[in-house]
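*Asks:* The structure's right below; bear with me while I get my questions together.
Have a look at this one:
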């Protein structure tokens, strides 16, 4: 919710003060600024981490500086005094005119365009983006009950990498491409949520962004402005029985998804350079920064998915766009050199062979490709999508012969899609089929969208619907698609196995604690697998240490609690102001996970807490659920909770 409010506020400022005359609609605002500033943010975080200067303030300051420079225009900085004087003069004149015409306060706050047609289109696109985003988010969130990612080994490794950014480490020993995880860390800071929560939310946000980007690509690249783009976005967000998406790991971030969220707008602008409004220098910088961000996020996308598209689109481009195509290729070469230097130096620093590192990032080692929800074999699904694309392309070419029309863009994307399928059948060593299938989760709805757009183009040559027809068609299409998606997938979804509750309740307990306690004022007693959750946040104690050593430490601590000098010379006996003990209930013991194996600790923990209570230690139950209870041992009352320290 906080992120949505931030985006809406920035959109208002953009329309009111920056692009007031251009009247940029919400869809363009989201996609173009995501591409420019999302990619820039990844590169910026990388540079700050290398300089050991990564923190929220530096990110805000530098990103704001870049946004300001981009809004003003570098050319206007040559004469800043004249630019400011002219802008101020223009603002004063507009203000005087508004006052003389007795304009209301609503006039000064309004961002509504004067043109009725523009206003009509803007409203449709605004609400369409909101609905697509909300639908995709809720659709993905539904699979939380099947989540096997939370508190798994992969989750723990990812969270550890996220936390290392605060310690000014970009590349850990496994040298993964951590661009995605850098955004997780930044998201946790700007929304004030824990890194653990941010790690799970990022996967949902990636899907939302991709759904909007897919809508934008079809909207910009075809004559179908609403119907085909809507079907494309809804197919990606709602259809699971025809998509090779592992629903058990929906909450796991997907670097390929994030990389494609940058790559698809770049693909669209490369296939049709008229989509970019700016000079050649800005065009080159956009692609160079975008390519570097993709390379820092996912090398598979950068090395395997991008080059074929650049080649195919370059062959099919018009002569008038060759200069911009050369700029894109030059940007790709520059980005490749920069990435080579980055990863080469990182490999030398970690003592890892460069070729081995590259192979490990191009071949899936821990990819989760189990897709039990498919109603047809995956190969069959690909085959019929290929056939439909060929039929649609044939209709398009026939239509072009009869009536002139745009054919290069659909041909580019359809040719690219078929090339990727052909590539997967060659069984090349450096092309991992699992990662390619992962990318097909995005490309399948994209090609289906192009197919529908082509059919709609042919159909509209005989009958063109009115604007009122669009108003009626959009809601009906949405409702019908949602109904069909729910109705025909309900049976398959019912066959999925619900995941254990223990990881969910443990994370809920940690979130509850983080919301109510100050950092570094308390210590958590829990399974060693959860120790990563304590990094940079609070102290940690495992069950064995608590049962065997804490009673002795507690006795000494209370014996000398009024003697600060003792703890200066014996810091090993100093304890946190509050000790929070996680105790699993009987319900957790029937589950099959690493935490259920701690069932033999339950009686011992309860007995130890009773013993401490008998010694006069204040102990409170601060969190309870059917899976676990959390008890607080108060060593220093009213010194840990936020409300006690602030009020």
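In our numbering, the protein residues as written are 1147 to 1793.
By construction, the Cβ of each residue, glycine as well, lies at the ideal position given by its N, Cα and C atoms.
(1) Do you know how far the Cα of residue 1351 is from the Cα of residue 1467?
(2) Between the alpha carbons of residue 1196 and residue 1603, how many angstroms are there, rounded?
(3) Have a look at residue 1792 and residue 1728 and give me their C-alpha separation to the nearest angstrom.
(4) Quick check: what's the CA-CA separation for residue 1545 versus residue 1535?
(5) Taking the beta carbon of residue 1424 as the centre, do at least 16 other beta carbons fall within 10 Å, making it buried, or is it exposed?
(6) Pick out whichever of 1600, 1773, 1741, 1697 has its Cα sitting closest to the Cα of residue 1753.
(7) Is the beta carbon of residue 1436 less than 8 Å from the beta carbon of residue 1403?
(8) Determine the burial state of residue 1779: buried for a count of at least 16 other Cβ atoms within 10 Å of its Cβ, exposed for fewer.
(9) Please state whether the Cβ-Cβ distance between residue 1671 and residue 1689 is less than 8 Å.
(10) Is the distance from the Cβ of residue 1292 to the Cβ of residue 1394 below 8 Å?
(11) According to DSSP, is residue 1203 part of a helix, a strand, or is it coil?
(12) Would you mind working out which of 1789, 1360, 1288, 1324 sits nearest residue 1412, comparing C-alpha positions?
(13) Out of 1575, 1584, 1588, 1576, which has the shortest C-alpha to C-alpha gap to residue 1559?
(14) How would you call residue 1254, buried or exposed, if buried means at least 16 neighbouring beta carbons within 10 angstroms?
(15) Is it a yes or a no for the region 1330-1344 touching the region 1185-1203, going by three-plus beta-carbon pairs under 8 Å?
(16) Shortest alpha-carbon distance to residue 1628 belongs to which of 1370, 1382, 1193?
(17) With which residues is residue 1767 paired in a DSSP beta bridge?
(18) Output needed for residue 1146: all residues of its chain with C-beta closer than 6 Å, excluding positions within five of it in sequence on either side, in chain order.
(19) Hey, quick one: how far does the alpha helix (DSSP H) through residue 1725 stretch, first residue to last?
(20) Cα separation between residue 1281 and residue 1273?
(21) Are at least three pairs of beta-carbons, each pair with one atom in the region 1578-1592 and one in the region 1342-1350, less than 8 Å apart?
(22) Closer than 8 Å by C-beta to residue 1606: which residues in its own chain qualify, once you throw out the five before and the five after it? Chain order, please.
(23) If distances are taken between C-alpha atoms only, which option among 1714, 1732, 1768, 1630 comes closest to residue 1658?
(24) For residue 1390, tell me which candidate among 1710, 1215, 1758, 1525 has the shortest Cα-Cα distance.
(25) Measure how close the beta-carbons of residue 1384 and residue 1631 come, nearest whole angstrom, since I'm counting them as under 8 Å.
(26) Using CA atoms only, rank isn't needed, just tell me which of 1715, 1700, 1772 is closest to residue 1817.
(27) When the Cβ atoms of the region 1284-1304 are set against those of the region 1659-1668, are three or more pairs found closer than 8 Å?
(28) Figure out for me which residue from 1594, 1576, 1554, 1509 has the closest Cα to the Cα of residue 1529.
(29) With DSSP as the reference, please indicate the residues paired to residue 1789 in a beta bridge.
(30) Considering only residues of the same chain and omitting the five flanking positions on each side of residue 1706, which have a CB-CB separation below 6 Å?
(31) How many Å lie between residue 1439 and residue 1187 at the Cα?
(32) By DSSP, does residue 1597 sit in helix, in strand, or in coil?
(33) Quick one: what's got a C-beta closer than 6 Å to residue 1687's C-beta in the same chain, skipping five residues either side?
(34) Mind listing, in chain order, the continuous beta strand (DSSP E) runs of no fewer than 3 residues lying wholly within the region 1664-1703?
*Replies:* Let me spell this out:
(1) Here residue 1467 is taken as the residue at index 321 of the chain shown, counted from 1. Here residue 1351 is taken as the residue at index 205 of the chain shown, counted from 1. Their backbone Cα atoms lie some 34 Å apart in a straight line.
(2) Residue numbering aside, residue 1196 sits at position 50 when the chain shown is read from its first letter. Residue numbering aside, residue 1603 sits at position 457 when the chain shown is read from its first letter. If I take the Cα positions, the gap works out to 51 Å.
(3) In the chain shown, the residue the question calls residue 1792 occupies position 646. In the chain shown, the residue the question calls residue 1728 occupies position 582. Take the alpha-carbon of residue 1792 and the one of residue 1728: they are about 26 Å apart.
(4) The count along the chain shown starts at 1 and reaches residue 1545 at position 399. The count along the chain shown starts at 1 and reaches residue 1535 at position 389. In this model, residue 1545 and residue 1535 are separated by some 15 Å (Cα to Cα).
(5) Translated into the one-based positions of the chain shown, residue 1424 becomes position 278. That one is exposed.
(6) The sequence position of residue 1753 within the chain shown is 607, counting from 1. When each option's Cα is compared against that of residue 1753, the closest is 1697.
(7) Counting from one through the chain shown, the residue named residue 1436 turns up at place 290. Counting from one through the chain shown, the residue named residue 1403 turns up at place 257. No, the Cβ-Cβ distance between residue 1436 and residue 1403 is not below 8 Å.
(8) Start at 1 with the first residue of the chain shown, and residue 1779 comes out as number 633. Buried, since its Cβ has 16 or more Cβ neighbours within 10 Å.
(9) Residue 1671 sits at position 525 when you count from the first residue of the chain shown. Residue 1689 sits at position 543 when you count from the first residue of the chain shown. For residue 1671 and residue 1689, yes; Cβs fall inside 8 Å.
(10) Locating residue 1292 in the chain shown gives position 146, where the first residue counts as 1. Locating residue 1394 in the chain shown gives position 248, where the first residue counts as 1. For the pair residue 1292 and residue 1394, the CB atoms are nearer than the 8 Å cut-off.
(11) As a working note, residue 1203 is residue 57 in the chain shown. Three-state DSSP puts residue 1203 in a helix.
(12) Counting from 1 along the chain shown, the entry for residue 1412 is found at position 266. The shortest CA-to-CA distance from residue 1412 to any of 1789, 1360, 1288, 1324 is the one to 1360.
(13) Position 413 of the chain shown holds residue 1559. The option with the nearest alpha carbon to residue 1559 is 1588.
(14) Residue mapping note: residue 1254 aligns to position 108 of the chain shown, counting from 1. For residue 1254, the predicted model reports a pLDDT of 44, less than 50, meaning its position is unreliable and no value from the coordinates is stated.
(15) Three or more pairs of CB atoms, one per stretch, sit closer than 8 Å, so the region 1330-1344 contacts the region 1185-1203.
(16) By one-based count along the chain shown, residue 1628 stands at place 482. The candidate whose alpha carbon is nearest that of residue 1628 is 1382.
(17) As a first step, residue 1767 is located in the chain shown; it is residue number 621 there, counting from the start. 1777, per the DSSP bridge assignment.
(18) Because the chain in this structure spans residues 1147 to 1793, residue 1146 falls outside the shown range and cannot be described.
(19) By 1-based counting over the chain shown, the position of residue 1725 is 579. Element bounds for residue 1725: not the alpha helix (DSSP H) but the beta strand (DSSP E), 1724-1730.
(20) Stepping through the chain shown from its first residue, residue 1281 is reached at position 135. Stepping through the chain shown from its first residue, residue 1273 is reached at position 127. Cα to Cα, residue 1281 sits roughly 12 Å from residue 1273.
(21) The region 1578-1592 vs the region 1342-1350: no contact.
(22) For this step, residue 1606 is matched to residue 460 along the chain shown. Around residue 1606: 1369.
(23) The count along the chain shown starts at 1 and reaches residue 1658 at position 512. Taking each of 1714, 1732, 1768, 1630 in turn and checking the Cα distance to residue 1658, the smallest one comes out for 1768.
(24) Counting from one through the chain shown, the residue named residue 1390 turns up at place 244. A check of alpha carbon separations from residue 1390 across 1710, 1215, 1758, 1525 identifies 1525 as the nearest.
(25) Translated into the one-based positions of the chain shown, residue 1384 becomes position 238. Translated into the one-based positions of the chain shown, residue 1631 becomes position 485. The Cβ separation is near 4 Å, so the contact holds.
(26) Residue 1817 lies beyond the range of the chain shown here (1147 to 1793); nothing can be said about it.
(27) Flag = no, the region 1284-1304 and the region 1659-1668 do not touch.
(28) One-based indexing of the chain shown puts residue 1529 at position 383. Shortest Cα-Cα distance from residue 1529 to any of 1594, 1576, 1554, 1509 involves 1594.
(29) Within the chain shown, residue 1789 is the residue found at index 643, counting from 1. Answer by DSSP bridge pairing: none, since residue 1789 is not bridged.
(30) Within the chain shown, residue 1706 is the residue found at index 560, counting from 1. Spatial neighbours of residue 1706 in its own chain (CB-CB distance under 6 Å, excluding positions within 5 residues in sequence) are listed in chain order as 1712.
(31) Walking along the chain shown from the start, residue 1439 turns up at place 293. Walking along the chain shown from the start, residue 1187 turns up at place 41. Rounded to whole angstroms, the separation of the alpha carbons of residue 1187 and residue 1439 is 9 Å.
(32) Stepping through the chain shown from its first residue, residue 1597 is reached at position 451. For residue 1597, the three-state secondary structure derived from DSSP is helix.
(33) Looking up residue 1687 in the chain shown gives position 541. Result list for residue 1687: 1669, 1671, in chain order.
(34) If we require 3 residues or more, the beta strand (DSSP E) runs fully inside the region 1664-1703 come out as 1668-1672, 1685-1688.
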